[in-house]
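Participant: Next up is a structure, given as structure tokens.
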Amino acid sequence: MHKERKKFQEQLISFIQQKGFVWGPEPELYGGLAGFYTYAPLGKRLKNNVENKIRTIFQKNDMWEVECPTVMQKEVWQASGHLGNFTDPLIKCSKCKSNFRADKIIEEKHDVVADAFSDKQLIDFIEENKIKCPTCGSEFNKEITEHNLMMKTTIGTDIEAYNRPETATTTYLPFTRYVDYFRKKLPFGVFQIGKAYRNEISPRQHVMRMREFTQAEGQMFVFPEQKDNWKRYENISDCRLPLWPYQMQENDEKPKDMKVKDAIKNRYFKNKAYAWAVNLSYVLFTEIGIPKENIRLRQHTLDERAFYADDAWDLEIKTNSFGWVECCGIHDRADYDLTQHAKASGKKLEAMDENNIKIVPHIIEIAFGTDRPVFALLDINYKKNDERTILTVPKDIAPINVAVFPLVKKEGLAEIAEGLTDDLIENHGLTAIYDAGGSIGRRYARMDEKGTPVCITVDFETKENNTVTIRDRDTQEQKRIKVEDIPKTIDDIIFRGKDITDVKK
Ligand SMILES: [Zn+2]
């Protein structure tokens, strides 16, 4: 099982490098540092398309984007609890002295979730299962130490500061500004898409675990009494979610497809606002194109829950390279953050409710990174067989929309194809590329590997009757269409989900 995964993983990562999606660890020129990667031209376009979809969905749900600083002074991280609590369990090899994350060493070899294990459980598990140092094969020391994940820096000459380990805390700090901006009306929602930093011990999971990564985190500020009086809940109460409450995990039951309102009835979710947030996370991931059968929503067990969380569910994605991976956390943080920052700053962080009583609002958070879903999309859609390699990423987020080929370069075909390419770029806002290199078969193959949904070929008939062929990436089917219908046809296939067989001749 793990061997197969490893083999697929290696093949996929080398594909991603060669085709220009992700390079690294960077800086490669200086030998590379684990946990840092460059998004190459195709990968960056893919990531942008994913992030823009996320933006659109948050905005549709009346959440507003902000951009806060990524570096803040010590006091902020003391108050948030990160300087004290944001640690990973470290284990050292007795011989080569390499350090590893104890829970990850276990999870790499065994199908268990070890991040809630106590130090003793970690050591016992490693001993009982004879897990050895991956570097040299020796035994580990029988001791766990705590490693803080914060990346330290200095502002000016002497201000101790840290790169943010999450966008969330920085989003909370302008709280009183939000209250004014939203004209003192709760609930309100804001989100950030931006970089965060974690000093991971020895990340070896490509962009799934980076030291510098991109987060997208949405925060809803609500009064406690609004949680069960949540207007938007009515629109989603009949939606179905693949839920795996912790009781079902303990009984070895599989996740169950359930209506949101039934989950509320069964008390799997404590309140309607939280249920709405869990549903929104599912919408976010299905809309960017993660197949439903690859998603499950897992509730944290009680000892797994973060110190601030009143309730916590993870959205997990099933990948070929790493199995099930946590990709999003939905947390009811209650009044933890605002209370902490009020105490530390000496300022009141409250808002007036309907009865003119000043109270500290609660925060419900949808927290995820954009690197993991991008990797998952590559992982799930990379298909290789004896005949061809194809990247079946959802057509509307593919890095390149369309490629235009002249059948041959002579007799004016190249000029026509170049003209068409320019028209698609300039007048129709598409990402189009022109390619005249090699046989038509080779050019199709190159585009299949890049995930390009459609290719257009200009041939001799184009000169006679102003038609071209359009070819679909997934079915390889071709159709002849009029030149004037090209933009509409591309739009139908890429953005409206039409099949090429339905396209009019
Ligand atoms: Zn070793």
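Here the working numbering is used: the first residue of the sequence shown is 13, the next is one more, and so on.
Beta carbons are placed, not taken as given, at the ideal position from N, Cα and C, and that holds for glycine.
From a predicted model like this one, the values you see are computed outputs, not experimental measurements.
Where ASP74 and LYS19 are concerned, what is the direct C-alpha to C-alpha distance, given to the nearest angstrom?
Facilitator: Along the sequence shown, one-based indexing puts residue 74 at 62. Along the sequence shown, one-based indexing puts residue 19 at 7. Taking the straight line from one Cα to the other gives about 43 Å.
Participant: State the start and end residues of the unbroken beta strand (DSSP E) segment that holds LEU327.
Facilitator: Translated into the one-based positions of the sequence shown, residue 327 becomes position 315. That run of the beta strand (DSSP E) goes 323-331.
Participant: What's the call for THR165, buried or exposed, on a 16-neighbour Cβ count within 10 Å?
Facilitator: In the sequence shown, counting from the first residue as 1, residue 165 sits at position 153. Exposed: under 16 other Cβ atoms inside 10 Å.
Participant: Go to VAL290, then tell me how far its alpha helix (DSSP H) extends in each direction, as first and last residue.
Facilitator: One-based indexing of the sequence shown puts residue 290 at position 278. It spans 284-299 - the alpha helix (DSSP H) in which VAL290 sits, taken as one unbroken run.
Participant: So, with DSSP's three-state summary, where would you put TYR49?
Facilitator: Stepping through the sequence shown from its first residue, residue 49 is reached at position 37. The answer is coil: DSSP assigns TYR49 none of H, G, I, E or B.
Participant: Considering only heavy atoms of ligand 1, does any lie closer than 7 Å to the CB of LYS107?
Facilitator: Counting from 1 along the sequence shown, the entry for residue 107 is found at position 95. LYS107: yes, Cβ under 7 Å from ligand 1.
Participant: Go ahead and pull the three-state DSSP assignment for ALA405.
Facilitator: On the sequence shown, position 393 is the one that residue 405 refers to. The sequence shown places Val at residue 405, rather than the Ala named in the question. Residue state, collapsed to three classes: coil.
Participant: Put LYS475 into one of helix, strand or coil per three-state DSSP.
Facilitator: Locating residue 475 in the sequence shown gives position 463, where the first residue counts as 1. Three-state DSSP puts LYS475 in a helix.
Participant: Might you give, ordered along the chain, the residues of its own chain that have their beta carbon closer than 7 Å to the beta carbon of PHE98, omitting 5 neighbours on each side?
Facilitator: Position 86 of the sequence shown, counted from the first residue, corresponds to residue 98. So the qualifying residues of the chain are ASN160, LEU161, MET162 and PRO177.
Participant: List the endpoints of the continuous alpha helix (DSSP H) containing ILE412.
Facilitator: For the purposes of this step, residue 412 is identified with residue 400 of the sequence shown, where counting begins at 1. From DSSP, ILE412 is part of no alpha helix (DSSP H); its letter is neither H nor E.
Participant: Go ahead and pull the three-state DSSP assignment for GLN488.
Facilitator: Residue mapping note: residue 488 aligns to position 476 of the sequence shown, counting from 1. GLN488: coil per DSSP, three-state reduction.
Participant: Compute the distance between the beta-carbons of VAL414 and ALA379, then report whether it is under 8 Å.
Facilitator: By one-based count along the sequence shown, residue 414 stands at place 402. By one-based count along the sequence shown, residue 379 stands at place 367. No.
Participant: If we ignore side chains and look at the alpha-carbon of each, how far apart do CYS148 and MET220 end up?
Facilitator: Locating residue 148 in the sequence shown gives position 136, counting from the first residue. Locating residue 220 in the sequence shown gives position 208, counting from the first residue. Rounded to whole angstroms, CYS148 to MET220 spans 24 Å at the Cα level.
Participant: So for ALA180, helix, strand or coil by DSSP?
Facilitator: Your numbering for residue 180 matches position 168 in the sequence shown. In the structure shown, ALA180 sits in a helix (DSSP, three-state: H, G or I).
Participant: For ASP504, which residues of its own chain have a beta-carbon under 7 Å away from its beta-carbon, when the five flanking residues on both sides are left out?
Facilitator: Position 492 of the sequence shown, counted from the start, is the residue given in the question as residue 504. So the qualifying residues of the chain are LYS510 and VAL515.
Participant: Buried or exposed: which applies to PRO411, given that a residue is buried once 16 or more other Cβ atoms fall within 10 Å of its Cβ?
Facilitator: The residue labelled residue 411 in the question sits at position 399 within the sequence shown. Answer is buried; the Cβ neighbour count reaches 16.
Participant: Nearest-angstrom Cα distance between LYS422 and LYS116?
Facilitator: Taking the first residue of the sequence shown as position 1, residue 422 is located at position 410. Taking the first residue of the sequence shown as position 1, residue 116 is located at position 104. Roughly 58 Å between the two C-alpha positions.
Participant: Would you list the one or two residues that DSSP bridges to PHE203?
Facilitator: Sequence index remark: in the sequence shown, residue 203 carries index 191 (1-based). In the DSSP output, where bridge partners are listed per residue, PHE203 has GLU77 and GLY230.
Participant: Taking DSSP's pairing of strands, which residues face LEU255 in a bridge?
Facilitator: Numbered from 1 along the sequence shown, position 243 holds the residue referred to as residue 255. LYS268 and LEU309.
Participant: Let me make sure I understand the geometry here. Which of ASN397, TRP242, ASN211 and ILE66 has the alpha-carbon closest to that of GLY47?
Facilitator: Taking the first residue of the sequence shown as position 1, residue 47 is located at position 35. Residue ASN211 is the option with its Cα nearest to GLY47.
Participant: Per DSSP, what kind of secondary structure is ARG279 in: helix, strand or coil?
Facilitator: Counted from its first residue, the sequence shown places residue 279 at position 267. Coil, per DSSP.
Participant: Can you tell me whether SER150 sits near ligand 1, meaning its C-beta is under 7 Å from at least one heavy atom of the ligand?
Facilitator: The residue given as residue 150 occupies position 138 in the sequence shown. Correct: SER150 has its Cβ closer than 7 Å to ligand 1.
Participant: Is the number of C-beta pairs between the region 396-411 and the region 57-74 that are closer than 8 Å three or more?
Facilitator: Judged by Cβ distances under 8 Å, the region 396-411 makes contact with the region 57-74, as three or more pairs qualify.
Participant: Cβ-heavy atom distance between SER110 and ligand 1 below 7 Å?
Facilitator: Counted from its first residue, the sequence shown places residue 110 at position 98. Yes; taking the cut-off as 7 Å, the Cβ of SER110 has a heavy atom of ligand 1 nearer than that.
Participant: Quickly, what does DSSP pair PRO385 with across the bridge? List them, please.
Facilitator: The residue labelled residue 385 in the question sits at position 373 within the sequence shown. Answer is none; PRO385 lacks a bridge partner.
Participant: Rounding to the nearest angstrom, what Cα-Cα distance links ASP365 and HIS353 in this structure?
Facilitator: Taking the first residue of the sequence shown as 1, we reach residue 365 at position 353. Taking the first residue of the sequence shown as 1, we reach residue 353 at position 341. Going from the Cα of ASP365 to the Cα of HIS353 covers about 20 Å.
Participant: Which of helix, strand or coil does DSSP assign to PHE225?
Facilitator: On the sequence shown, residue 225 is found 213 positions in, with the first residue counted as 1. In this structure, PHE225 counts as strand in the three-state DSSP scheme.
Participant: Which stretch, first to last residue, makes up the beta strand (DSSP E) that contains PHE152?
Facilitator: Residue mapping note: residue 152 aligns to position 140 of the sequence shown, counting from 1. Where PHE152 is concerned, the enclosing beta strand (DSSP E) stretches over 152-160.
Participant: Between the Cα of ARG454 and those of GLN311, GLU399, VAL480 and VAL124, spot the shortest distance and give me the residue it belongs to.
Facilitator: As a working mapping, residue 454 is identified with position 442 in the sequence shown. Comparing Cα positions, the closest option is GLU399.
Participant: Quick check on LYS425: does DSSP put it in helix, strand or coil?
Facilitator: For the purposes of this step, residue 425 is identified with residue 413 of the sequence shown, where counting begins at 1. Before going further, note that residue 425 is Leu rather than Lys in the sequence given. Of the three classes helix, strand and coil, the one that applies to LEU425 here is helix, per DSSP.
Participant: In whole angstroms, what separates the C-alpha of ARG485 from that of TYR394?
Facilitator: Your numbering for residue 485 matches position 473 in the sequence shown. Your numbering for residue 394 matches position 382 in the sequence shown. Distance between the alpha carbons of ARG485 and TYR394: 13 Å.
Participant: Between the Cα of THR464 and those of LYS359, ASP250 and LEU442, spot the shortest distance and give me the residue it belongs to.
Facilitator: Counting from one through the sequence shown, the residue named residue 464 turns up at place 452. Of the listed residues, the one whose Cα sits closest to THR464 is LEU442.
Participant: Of all the options LYS207, ILE205, GLY206 and TYR190, which has the alpha carbon lying nearest to the alpha carbon of PRO199?
Facilitator: Here residue 199 corresponds to residue number 187 of the sequence shown, with the count starting at 1. Taking only the C-alpha atoms, the option nearest PRO199 is TYR190.
Participant: Mind checking whether the beta-carbon of THR181 lies closer than 7 Å to any heavy atom of ligand 1?
Facilitator: The residue you call residue 181 lines up with position 169 of the sequence shown. No; taking the cut-off as 7 Å, the Cβ of THR181 has no heavy atom of ligand 1 nearer than that.
Participant: Consult DSSP for GLN85 and reduce its assignment to one of helix, strand or coil.
Facilitator: On the sequence shown, residue 85 is found 73 positions in, with the first residue counted as 1. Looking at GLN85 - three-state DSSP - the assignment turns out to be strand.
Participant: Do the region 244-260 and the region 285-292 touch if we need at least three Cβ pairs shorter than 8 Å?
Facilitator: Counting Cβ pairs under 8 Å, three or more are found: they touch.
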